[in-house]
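Notes follow once the structure below has been shown.
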């Protein structure tokens, strides 16, 4: 019974430390927002996004000419799988794009020109759902990253919602639907 | 204290039941291998494969005309990510293919014909690494599944290794490499 007061103090001390650390992190972020997140939205590259599950895949031809995997965090996957839109706050979608390359090796094996594979990564686009933080863009914040670094072009980031806003309301500003 | 013997009996009873059920499942499998796994290899659709992480993405044009995600279980992802081939026993690769469809909706939004998306699933191919079980096919066993059901064509399954065997030895009979 004698240990109880000490335990309470120790737990209180840890909690206090956590609060201090949390404030310190916020201060750092507000000092250098460019290094921390995207222009306009302050979206950062979510840790572990490369390990997320797949919503679907796609190919953009023309000038873009990439092949892409669209991944989601747990909250996004749950909504995408169930088709229950709009996505809830906390949903994050990661669109990973790669050079779209013909594969001479595969084509030689198959005996015909048919195989296209992913080359180097081109960019990663992150969409974060947070209705309170992003009330003017359908609840979505956007960020683009090349080689793990945020793209700092405000002109570029403003093309995101301009384009996503053209989708029908039922899509909740998201191009991709779940592929079973 | 009076309850203890009863508890032990109850636990023992449950354990016995589990053993019986386990044997029953095995008997069912050996009675009807065609319904349980692929021809030649006996490969089954691994539970939860749709939640696996992404190795890469690809597009096969021509008669196949699909867009695909290549996923791996934990053992496969670890080797693919590190590039440490051959894959160890227990590695499983799941190739999920979908109809390759132009997206009139996206093309209207982008103002040009460039967008291709995944339609209905066409088939899932599973490659299982087990050097002891599949000594004659580079340690790999294969299975193809449509709508969750195994493809029972022996002719079809025999095309798998015939094609994978044309890859250079360094590829360990696997077409896809990890996209970061």
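Chains as they are written, first to last, in the working numbering: chain V, 1 to 180; chain W, 181 to 360.
Glycine is no exception: its CB is placed at the ideal position from the N, C-alpha and C atoms.
Treat the numbers as computed from the prediction; the structure is a model and nothing was measured.
- request: Taking C-beta pairs closer than 8 Å, name the residues in chain W that residue 36 of chain V reaches, listed in chain order.
  value: Correct list: empty, because the minimum Cβ distance to chain W is about 23 Å.
task: Drop a sphere of 10 angstroms on the beta-carbon of residue 118 of chain V, count the other beta-carbons inside from all chains shown, and report buried for 16 or more, exposed for fewer.
output: buried
field: Residues near residue 305 of chain W by beta carbon distance below 6 Å, same chain, minus five either side
entry: 275, 324
field: residue 78 of chain V in three-state terms, based on DSSP
entry: helix
task: Please list the segments of the alpha helix (DSSP H) lying wholly inside the region 81–117 of chain V, counting only runs of 4 or more residues, in order along the chain.
output: 104–110
task: Indicate whether residue 91 of chain V and residue 129 of chain V have their beta-carbon atoms separated by less than 7 Å.
output: yes
task: Please state whether DSSP places residue 350 of chain W in a helix, a strand or coil.
output: helix
query: Looking only at its own chain, which residues have a Cβ that is under 8 Å from the Cβ of residue 122 of chain V, when we skip the five neighbours before and after it?
result: 66, 97, 98, 99, 146
- prompt: Which of the residues in the region 217–239 of chain W, read from start to end, lie with their CB under 9 Å from any CB of chain V?
  reply: 230, 231, 232, 233, 234, 236, 237, 238, 239
message: Please confirm whether residue 284 of chain W has its beta-carbon closer than 7 Å to some beta-carbon of chain V.
response: no
- prompt: Where DSSP assigns a beta bridge to residue 250 of chain W, which residues make up the other side?
  reply: W:236, W:275
- prompt: Residues bridged to residue 337 of chain W by DSSP?
  reply: According to DSSP, residue 337 of chain W bridges with nothing at all.
query: So with Cβ pairs under 7 Å, would you call residue 169 of chain V a contact of chain W?
result: no
task: Tell me, please, whether the CB atom of residue 261 of chain W is closer than 7 Å to any CB atom in chain V?
output: no
- request: Just mark residue 39 of chain V as buried or exposed, buried being the case when its beta carbon has 16 or more other beta carbons within 10 Å.
  value: buried
message: Judging by CA-CA distance, which residue of V:60, V:41, V:78 is the nearest neighbour of residue 52 of chain V?
response: V:78
field: Residue range of the unbroken beta strand (DSSP E) whose run includes residue 145 of chain V
entry: 140–146
message: Closest to residue 359 of chain W by C-alpha separation, out of W:230, W:331, W:344, W:260, would be which residue?
response: W:260
Residue 150 of chain V at chain W interface by Cβ criterion, 7 Å: no
query: Based on Cα-Cα distance, which residue from V:58, V:141, V:171, V:109 lies nearest to residue 43 of chain V?
result: V:141
task: Indicate the three-state DSSP secondary structure (helix, strand or coil) for residue 301 of chain W in the structure shown.
output: strand
Contact set between residue 346 of chain W and chain V, taken where Cβ atoms lie within less than 7 Å: 109
task: Can you pull the chain V residues whose beta carbon is under 9 Å from the beta carbon of residue 341 of chain W, in chain order?
output: Within 9 Å Cβ-Cβ: nothing; residue 341 of chain W doesn't reach chain V, min ~13 Å.
- request: Output yes if chain W places a C-beta closer than 7 Å to the C-beta of residue 92 of chain V; else output no.
  value: no
message: Can you pull out the residues from the region 61–72 of chain V whose beta carbon lies closer than 9 Å to at least one beta carbon of chain W?
response: 61, 62, 63, 64, 65, 67, 68, 69, 71
message: Can you give me the C-alpha to C-alpha distance between residue 336 of chain W and residue 139 of chain V, rounded to a whole angstrom?
response: 48 Å
- request: Kindly say whether residue 131 of chain V, judged by its beta-carbon, lies nearer than 7 Å to any beta-carbon of chain W.
  value: no
task: Answer yes or no: do residue 216 of chain W and residue 60 of chain V have a C-beta to C-beta separation smaller than 7 Å?
output: no
- request: Starting from the beta carbon of residue 112 of chain V, find every residue of chain W whose beta carbon is closer than 8 Å, and list them in chain order.
  value: 242
- prompt: Going by other Cβ atoms of all chains shown within 10 Å of its Cβ, with 16 needed for buried, is residue 182 of chain V buried or exposed?
  reply: As shown, chain V starts at 1 and ends at 180. That puts residue 182 of chain V outside it, with no answer to give.
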